[in-house]
Ligand SMILES: NC(=O)c1ccc[n+]([C@@H]2O[C@H](COP(=O)([O-])OP(=O)(O)OC[C@H]3O[C@@H](n4cnc5c(N)ncnc54)[C@H](OP(=O)(O)O)[C@@H]3O)[C@@H](O)[C@H]2O)c1
Ligand SMILES: NC(=O)c1ccc[n+]([C@@H]2O[C@H](COP(=O)([O-])OP(=O)(O)OC[C@H]3O[C@@H](n4cnc5c(N)ncnc54)[C@H](OP(=O)(O)O)[C@@H]3O)[C@@H](O)[C@H]2O)c1
């Protein structure tokens, strides 16, 4: 059957395209090409399956419905992905990830149904292993693995989505850890009994499904909203594993390869992301200084020293008659949606002959690359965005540093105070500049929920207010000066 | 058969140990552990094969002879590997590589013999593919691939060994390229005809073997001795591929995995090594400025400017009363075996309160890491060896730079002259120091065969003579001052 | 012993999985942190390959089994969402990272 | 078509080989240049796995076929040289790279 052989080749090409695509995504220059390559590989694999798989290589039955599903999915997916704002990207990724998880869970349900119809256990044997004993137990094991992992990934992703959209608040149940353990353990226990043959019937399948869904919710609910990128990356690798289960089930190489690849790459990516924030994964999951504690810690503010408030006019003069201004964008800039005004200010200053650069900290904002995405969106030229290692030596040649809604990434405690939770994280060394202006709304703490000594230094001036409003004021001041 | 299953598991573990071992070898801290891990994996695979493989899992026949071979090989290998001097390492690697190649070729010869005995073509079928047609052609193809690649690797490695031991000189035949093509083409053609079934008989096998051996010699003979590390790395990956052929032949996973791993890693390593010297692989193989041309280019020396000769006494005074001395070791230091005197000088100066460091260029010498190995051998402390990127900013704080038998790695043409063959290679920026002393025997060029403008600069003093002799003189001068 | 049996039966799968895990680890270990989000998104799109499973399930559902057809259909739609949405979002993100002429 | 046939028959091998090639490439791409020589030497020791082929050949040689026994024996000795020599030399080299207390 030539069709089967061609399909095998397509699967091989698709698997290679996934690996190469991910490899190319390692470098900004080739990243887009990598994504495209993986997409092409995926297309080959999907259409290959529809038209070449099945008995005799005649393709799938129900081609019409399948194609209809593809068309509808493509339409919705494209529209959603195109419409979403740049700053809404992480929740979008989470949503799509959830869809993949749901898809994996559905597959498991249907496969289980089919096993039951076909007269239960005995029939399924040759489908998986070709051997007589243990075959159907194996199949059940895979089905339940796909079901549980897929379901957790689905409900967890939806909660993560809700959190990032600010529709769901962080919530810790009493005895959260215990409840989590009971729910998850229950799901595993039922699955184990069914695989072992001690339990039977579709009802138990649905109970497992339900428990897994609940566990996904409980798992993500207490984690701070700001930690969601890490959680999404983790759920992402879960879905990868669920897809790999599917590959095992159908002896389908491309599902297996793609799933395992994402499973392993996603896990490492999660760890790497945690490292970039100087935290461990358990710390994120159990929540040592995540979102909900920020407010509390911030309460004990104003601990030492006095602050110096400055007016927008002062700052405008300083900048206009300076040689070099470095802007440090942070989470506050993103929240205030102030990137466009910021760009306007920058252009204005450049016209006045002032050199303006942006200092990009790798974990500024709430997702990696947040600042790049944000500023690029408002058309800031790419070579004005300077990464931490390269800008740090430049601060001492700079007249004014404008810290816009950033906090932790300029906190000197990371260098000087070994007891600080962010100790050891590399920071932007703004104190080396002649003047530091910090724009934020209050003296509240940032993500890590800790005091920032920088605000009390003599060279620091505080300019309070919403980032967008203050920046607009600055633009007007510079214009009218 | 539990034995077979255990063997399978051992092979899996061994394959993983190879990958992990190579991964760990990426970092100086874990490298030794990586090597050890791979060795343990190899041991498992070897003894597993002897005692668990074969029909019924009863192990191999002829166990006695096999073990005898292992013992003899281990004894000879250990003694050779322990006796060899550090500077003789590359030729030792080349020699062992050649042994692997020869082993692969022998396997092919014996498998061919067995095919003939068993009544030729038809019998071998199930051994390889399990399918009825093309099976034995496939087997023959693999046998010939292993034979040719193994033989080329063997004879090439032995020539490389001879060159590094200075027993074989570079030699270019008239019409070298054409002869190479004919010999290699001949081997391929005969192999092709035998696989296709048009030729038969053991004689042709030996003719192919002969041609492959000759090709290996012709391939390596014209390449400059200094390029041998690159060639050895390439031959290394050849032997990897030959081992992979064996894996294919016997359906043996660990041979396949190990062979392919080395084949691919070796190829990339070859390319990476070329890049570090700022050359392309073809350039090395066809020889653009390799060894034998160095002498010729050096003849046109003395082109511009005058040089300033200095005496050992001058240099001794300069160093003794300086604050900081940086030593730049190069190939000449290795040739003169001057590392021990050099260390003596360094200790002497340190005792006088002078700060002494070594500036290590990544491709100083004739093999990567050459200088580290050399100086570590003479007990120079590891933290005195500073890599290029870290030492370059230090030159301007340094009183005297002592360039000992280095040339290309301090040639400013790499930065300033786009027409130079080494243009673009990062160099040690010794010109930033207050004084530069260059120790070499003459005004001859180094490996790249080009003039070095540094020698003509006013701040440079030349101290002619063999590195060891001159350093000894310096040591005495410093002592008696 | 059952574990040995299991390894024996699935030995090629195990090799494939182990190697793929190594590939995944090595690929990601050297990524600059600004690319973490697009990379996560790209990986997200790739695990959309689970769509193929949904296609297989739907493709073998009997024509009169409406529940299977319905659920399978939903599976295909969701899987497609994952794939298409994933790739498009990633592409949009990466578009932000390319150098712009001023 | 023969090529399709070939791919079909050896599909798992092909996956394994392709993945292993990726692993090899990724592992080596980020090595500091001072480690090139020991790495080359370590890889050299690993391809000594060809020794297993020699063991198999020798192990199945008929007891009265002296040519096979002889050549197989030589093969085992040479393969062992590659393995043992390779690992020992690499170990000695790497020993030079470890930090020494002064
Ligand atoms: N990038 C990532 O991947 C990622 C992911 C998860 C967590 N994190 C963490 O997030 C933190 C990022 O540091 P960061 O310096 O960017 O942010 P930050 O430390 O969280 O500080 C943000 C500051 O912006 C101010 N702000 C909020 N809304 C504002 C508005 N509308 N106008 C003006 N100011 C406003 C807040 O102060 P007021 O309330 O006083 O205005 C707050 O102090 C790090 O701790 C990092 O580890 C990063
Ligand atoms: N490290 C590697 O992996 C590797 C591999 C292959 C090639 N290479 C190439 O080798 C070069 C290495 O640069 P390098 O600066 O170390 O060496 P180099 O440029 O080859 O220069 C060595 C100098 O040492 C002098 N010398 C030779 N014997 C001497 C002795 N007994 N006493 C004193 N001086 C002596 C020679 O000059 P006199 O004859 O006047 O004494 C020669 O100019 C680079 O071009 C690199 O690309 C490196």
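Protein chains in written order, with our numbering: chain A, 1 to 481; chain B, 1 to 481; chain C, 1 to 102; chain D, 1 to 102.
Glycine included, C-beta positions come from ideal geometry on N, C-alpha and C.
Annotation: residue 24/C to residue 16/D spans about 15 angstroms, alpha carbon to alpha carbon.
For residue 441/B, the shortest C-beta to heavy atom distance toward ligand 2 is below 7 angstroms. With contacts defined by Cβ atoms closer than 8 angstroms, residue 330/A and residue 409/A form a contacting pair. Within chain C, the C-beta atoms nearer than 9 angstroms to that of residue 19/A come from 20, 23, 24 and 27, in chain order.
Taking the Cβ of residue 38/C as the reference point, every heavy atom of ligand 1 lies at 7 angstroms or farther away.
Not one heavy atom of ligand 1 is found less than 7 angstroms from the C-beta of residue 96/D. Cβ proximity to chain B below 7 angstroms picks out 69, 71, 72, 73, 74, 75, 76, 77, 78, 79, 80, 81, 82, 83, 84, 85, 86, 87 and 88 from the segment 69-88 of chain D.
A check of alpha carbon separations from residue 438/B across 460/B, 384/B and 448/B identifies 460/B as the nearest. Assignment of beta-bridge partners to residue 460/A by DSSP yields 436/A. Close CB contacts of residue 220/B within its chain, under the 7 angstroms cut and outside five residues either way in sequence, are with 156, 159, 160 and 231 (chain order). As for any alpha helix (DSSP H) of minimum length 4 sitting wholly inside the segment 376-424 of chain A, the runs are 388-391 and 413-416, ordered along the chain. Closer than 7 angstroms to some heavy atom of ligand 1: that does not describe the Cβ of residue 473/A. Within chain B, the residues 2, 5, 6, 8 and 9 have their CB atoms less than 9 angstroms from the CB of residue 4/C, given in chain order. In the structure shown, residue 118/A adopts coil according to DSSP, grouped into three states. Look at residue 370/B: its beta carbon is less than 7 angstroms from one of the heavy atoms in ligand 2. With its beta carbon at least 8 angstroms from every one in chain D, residue 52/A lies outside the interface. Scanning the segment 73-118 of chain A from its first residue to its last, the whole alpha helix (DSSP H) runs of 4-plus residues come out as 89-117.
DSSP places residue 309/A in the strand class (E or B) of the three-state scheme.
With respect to chain D, the C-beta atom of residue 13/A has no partner C-beta closer than 8 angstroms. For residue 10/D, no Cβ of chain C is located within less than 8 angstroms of the residue's own Cβ. At a cut-off of 8 angstroms, the C-beta of residue 404/B has no neighbouring C-beta in chain C.
Residue nearest to residue 383/B within the set 356/B, 370/B, 180/B and 392/B is 356/B (criterion: CA-CA distance).
Of all C-beta pairs linking the segment 74-93 of chain C to the segment 48-57 of chain C, three or more are shorter than 8 angstroms, placing the two stretches in contact. Interface criterion not met: the Cβ of residue 66/C is under 8 angstroms from no Cβ in chain A. Around the beta-carbon of residue 451/B, 16 or more other beta-carbon atoms lie within 10 Å, marking it buried.
Listed along chain D, the residues sitting closer than 8 angstroms to residue 253/A by beta-carbon distance are 11 and 15.
A Cβ-Cβ contact shorter than 8 angstroms links residue 310/B with residue 463/B. Of the residues 48/B, 24/B, 29/B and 28/B, the one whose Cα lies closest to the Cα of residue 38/B is 24/B.
With a cutoff of 8 angstroms on beta-carbon distance, residue 66/A and residue 58/C are scored as near each other. When the five nearest sequence neighbours on each side are left out, the beta carbons in the same chain lying within less than 7 angstroms of the beta carbon of residue 168/A are those of 159 and 162, in order along the chain. Straight-line spacing of the CA atoms in residue 398/B and residue 346/B works out to 15 angstroms. Within chain D, 18 have C-beta atoms less than 8 angstroms from the C-beta of residue 16/A, given in sequence order. Residue 71/D has its alpha-carbon roughly 11 angstroms from the corresponding atom of residue 105/B. Under the Cβ distance rule, residue 46/C counts among the residues neighbouring chain A, one pair being separated by less than 8 angstroms.
Per the coordinates, the alpha-carbon of residue 255/B lies some 8 angstroms from the alpha-carbon of residue 53/D. When the five nearest sequence neighbours on each side are left out, the beta carbons in the same chain lying within less than 7 angstroms of the beta carbon of residue 225/B are those of 163, 164, 170 and 291, in order along the chain.
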